[in-house]
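>
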Amino acid sequence: MFVVITYDVRANRTEIYKRLLLKFLTHEQNSVFAGDLTEAQYRKLRAGISRIANADDRVLQFRAMNRHNIEASILEKNSGNGALTERSLLHHEMSALIL
């Protein structure tokens with residue numbers, strides 16, 4: 033399955049989440065991680081989040097059964113002409129991880 037996880041936690045807790053998520057997913061930007069997981073890996077990740085989560089932490093998860101059933105892209109402003117461009121994130125070049 034394809035998973036995207038992002039979190040909003042107190043600054044002193046960000047490294048705790050980052051260390052856990054890096055075991056399973058690719059760090060995309062600040063508090064955003066994504067990648068392909070087996071069901072067993074996903075269960076381990078959820079158990080890890082359950083262990084470290086506090087009541088005031090906010091963790092968002094997006095799941096798709098596979099990378100082919102989701103469209104993901106980066107919107108970037110062109111520094112030259114100022115046009116907004118869209119670049120697909122769903123590529124297969126990075127060790128079978130999509131983002």
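Residue numbers for the sequence shown follow our numbering, beginning at 33 and rising by one. Idealized CB from N, CA, C, for every residue including glycine.
What is the rounded straight-line gap between the Cα of methionine 97 and the Cα of aspartate 68?
Numbered from its first residue, the sequence shown carries residue 97 at position 65. Numbered from its first residue, the sequence shown carries residue 68 at position 36. Distance between the alpha carbons of methionine 97 and aspartate 68 is about 9 Å.
> Look at the alpha carbon of arginine 103 and the alpha carbon of aspartate 89, and state the distance between them as a whole number of angstroms.
The residue given as residue 103 occupies position 71 in the sequence shown. The residue given as residue 89 occupies position 57 in the sequence shown. Per the sequence presented here, residue 103 reads as glutamate, with arginine not at that position. Taking the Cα positions, glutamate 103 is about 27 Å away from aspartate 89.
> Would you decide whether isoleucine 106 is buried or exposed? Buried here means 16 or more other CB atoms lie within 10 Å of its CB.
One-based indexing of the sequence shown puts residue 106 at position 74. Isoleucine 106 is exposed by the Cβ-count criterion.
> Decide if phenylalanine 65 is buried, meaning its Cβ has at least 16 other Cβ atoms within 10 Å, or exposed.
In the sequence shown, residue 65 corresponds to position 33, counting from 1. Buried.
> Drop a sphere of 10 angstroms on the beta-carbon of lysine 109, count the other beta-carbons inside from all chains shown, and report buried for 16 or more, exposed for fewer.
Here the question's residue 109 lines up with position 77 in the sequence shown. Per the 10 Å Cβ criterion, exposed.
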